[in-house]
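**Q**
Numbering (this note's numbering), first residue to last: 529 to 1027.
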């Protein structure tokens, strides 16, 4: 206590324990090809370097614009235009455009190289393999992969990566389909996605039709002749120069023709989750949220179709985007592991990951603390305060705190004397996300400062070297016997003179 000699206002600072700082609620990562890749100084980014952007203008500054597009025109038997769509095998730029158009905030971009004839599957695989463990991003998408035959392998690799993280969800695009090919596409996707890491992935369909820039921006033209309205986009034939010129003029003079493009939904979906986490919270799903800058869908989803997407014997639920009145809404919040009650919902997965990542980062800050009762008390109280705040905000289920969460740490609770001797601090946390007192258990481990090692007194002639390890806060002494290598015979000591 200070010695206050004069009247006045005195400030006494009291040291308090640091609070647990939560990790970023939602940080998306987009992986794919870009026009360029450079930092704020204009220097090329190293391959595999992620870069954060907060707007489409900032993206274009560092990564450029989209790849050149081809205009695909459908003609009837008389040469009249039925429809026209733009196409490019590269979807990253369009996905990022949709992301910011739908209210997305800060995100990370990982460029795997410049545009070429088609996306590079090996470059995308290498990028996934090189992703670090427990990075800051929480949602991952690879929009360019939908153009590749290797799409299932890339999506499986992404699921396996996310399954190794505390807090990561793969947003997967179901391949393009229309009303005629929808059922076959869904069945093929469910078969090809495999069985590993399903709880860390969520799939969305159908594709989104968005307005393209206009006729002047295309570098190529493809024409398909059909006796009626075309229902597929493949097997286009190159037009002659004369046909291209005439058709170009016809398109320019046809304001009723829509120059649209079909896009995979991952960019828009990532925006909805990021905006929901930033403006509301992560323990709710942005269901029934309109998707902006979308004209229509590649396939129609009604109640019966959605039921077949949500419920399947394999548990591989697929989330739908549906039209209601004049709005196109995201309508589903399931992971691909819907048969598992703990992992069924995206919101529960993200909440669980958010809690685990936040607590783990707090434990990492205790690296240089002593593994004693004072540290255990600090960690336990801080974890309880953090979870209590989440419970009051509605993230955890229960009428009382003890129904919503618990924290356990200490000798003979979560740690043995051997753990303490090795410097391991272990925390068990239970959180209720579905029903009160039905806890999902998180086990957190961290190696911090080990206790002092004191050699025991040794006597000549003993065949073992005895090392006594005393845990400072434990009344139990642990003795480890180590086999000693035989030593060479020593010279006899001279006898003491007899007085």
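All C-beta atoms, glycine included, are put in the ideal place defined by N, C-alpha and C.
Only counting the same chain, and skipping five residues up and downstream in sequence, which positions put a Cβ closer than 6 angstroms to that of residue 484?
**A** Since the first residue of the chain shown is 529 and the last is 1027, residue 484 is not available in this structure.
**Q** Below 8 angstroms on the Cβ atoms is my guess for residue 827 versus residue 734; work out the distance and round it to an integer in Å.
**A** 4 angstroms
**Q** Ordered along the chain, which non-local residues of its own chain (more than five positions away) have a Cβ less than 6 angstroms from that of residue 848?
**A** 829, 834, 837, 859, 860
**Q** Can you pull the DSSP bridge partners for residue 728?
**A** In the DSSP output, where bridge partners are listed per residue, residue 728 has none listed.
**Q** Looking only at DSSP bridge pairs, what is residue 701 linked to?
**A** 732
**Q** Buried or exposed for residue 823, going by 16 or more other Cβ atoms inside 10 Å?
**A** exposed
**Q** May I have the straight-line CA-CA distance separating residue 1088 from residue 878, to the nearest angstrom?
**A** With the chain represented from 529 up to 1027, any question about residue 1088 goes unanswered, as that position is not in the structure.
**Q** How many whole angstroms separate the CB atoms of residue 736 and residue 857, which I take to be in contact at a CB cut-off of 8 angstroms?
**A** That belief does not hold up - the Cβ atoms of residue 736 and residue 857 are roughly 12 angstroms apart, past 8 angstroms.
**Q** Suppose you measure from the CA of residue 592 to the CA of residue 580; what does that come to, to the nearest Å?
**A** 14 angstroms
**Q** Which stretch, first to last residue, makes up the alpha helix (DSSP H) that contains residue 929?
**A** 929 to 932
**Q** At what residues does the beta strand (DSSP E) containing residue 492 begin and finish?
**A** One cannot answer for residue 492 here, as it falls past the ends of the chain, which runs 529 to 1027.
**Q** Once you ignore the five residues that flank residue 957 on each side, which residues in its own chain have a CB closer than 6 angstroms to its CB?
**A** 935, 970
**Q** Roughly how many angstroms separate the alpha carbons of residue 535 and residue 904, rounded to a whole number?
**A** 42 angstroms
**Q** Flag this pair as touching only if the segment 682 to 696 and the segment 808 to 822 have three or more C-beta atom pairs under 8 angstroms; answer yes or no.
**A** no
**Q** Taking the C-alpha atoms as reference points, what is the distance between residue 963 and residue 880?
**A** 14 angstroms
**Q** Do the CB positions of residue 659 and residue 697 come within less than 8 angstroms of each other?
**A** no
**Q** Per DSSP, what kind of secondary structure is residue 839 in: helix, strand or coil?
**A** coil
**Q** Starting from residue 636, trace the beta strand (DSSP E) in both directions and tell me its first and last residue.
**A** 635 to 639
**Q** Give me the residue from 870, 927, 945, 925 with the minimum Cα distance to residue 901.
**A** With distances taken between Cα atoms, residue 901 lies closest to 945.
**Q** Compute the beta-carbon to beta-carbon distance between residue 890 and residue 915, rounded to the nearest angstrom, for a pair I have assumed lies under 8 angstroms.
**A** Rounded, the Cβ-Cβ distance is 12 angstroms, inconsistent with contact.
**Q** Kindly indicate which residue of 699, 805, 973 has the alpha-carbon position closest to the one of residue 623.
**A** When each option's Cα is compared against that of residue 623, the closest is 699.
**Q** So, does the segment 798 to 809 touch the segment 619 to 639, judging by three or more C-beta pairs under 8 angstroms?
**A** Because the criterion of three Cβ pairs below 8 angstroms is met, the segment 798 to 809 and the segment 619 to 639 touch.
**Q** What does the alpha-carbon distance come out to for the pair residue 643 and residue 687?
**A** Roughly 25 angstroms between the two C-alpha positions.
**Q** Tell me which residue opens and which closes the beta strand (DSSP E) that residue 665 is part of.
**A** Unbroken run through residue 665: none, as it is neither H nor E.
**Q** Would you call the segment 840 to 847 and the segment 859 to 874 touching, i.e. three or more CB-CB distances under 8 angstroms?
**A** Note that the segment 840 to 847 touches the segment 859 to 874; at least 3 beta-carbon pairs, one per stretch, sit closer than 8 angstroms.
**Q** Ends of the alpha helix (DSSP H) at residue 875?
**A** Taken as a continuous stretch (DSSP letters only), the alpha helix (DSSP H) holding residue 875 covers 874 to 892.
**Q** Do you know whose CA, among 939, 883, 892, lies nearest residue 912's CA?
**A** 883
**Q** For my contact list, residue 559 and residue 652 are in at a C-beta cut-off of 8 angstroms; report their separation, rounded to the angstrom.
**A** 7 angstroms
**Q** Check each candidate in 973, 561, 874, 738 and name the one with the smallest Cα separation from residue 645.
**A** 561
**Q** Under a three-way DSSP split, which group does residue 1072 fall into?
**A** Residue 1072 lies beyond the range of the chain shown here (529 to 1027); nothing can be said about it.
**Q** Use the C-beta contact count for residue 616: other C-beta atoms within 10 angstroms, 16 or more gives buried, fewer gives exposed.
**A** If you draw a 10 Å sphere on the C-beta of residue 616, you find 16 or more other C-beta atoms in it, and that means buried.
**Q** Report buried or exposed for residue 538, applying the criterion of at least 16 other Cβ atoms within 10 angstroms of its Cβ.
**A** exposed
**Q** Nearest to residue 959 by alpha carbon, out of 973, 943, 576, 926?
**A** When C-alpha distances from residue 959 are compared across 973, 943, 576, 926, the shortest belongs to 926.
**Q** Can you look up residue 955 in the DSSP assignment and give me helix, strand or coil?
**A** Taken through DSSP and simplified to helix, strand or coil, residue 955 comes out as strand.
**Q** Helix, strand or coil for residue 615? Go by DSSP, reduced to three states.
**A** strand
**Q** Is the beta carbon of residue 948 sitting closer than 8 angstroms to the one on residue 939?
**A** yes
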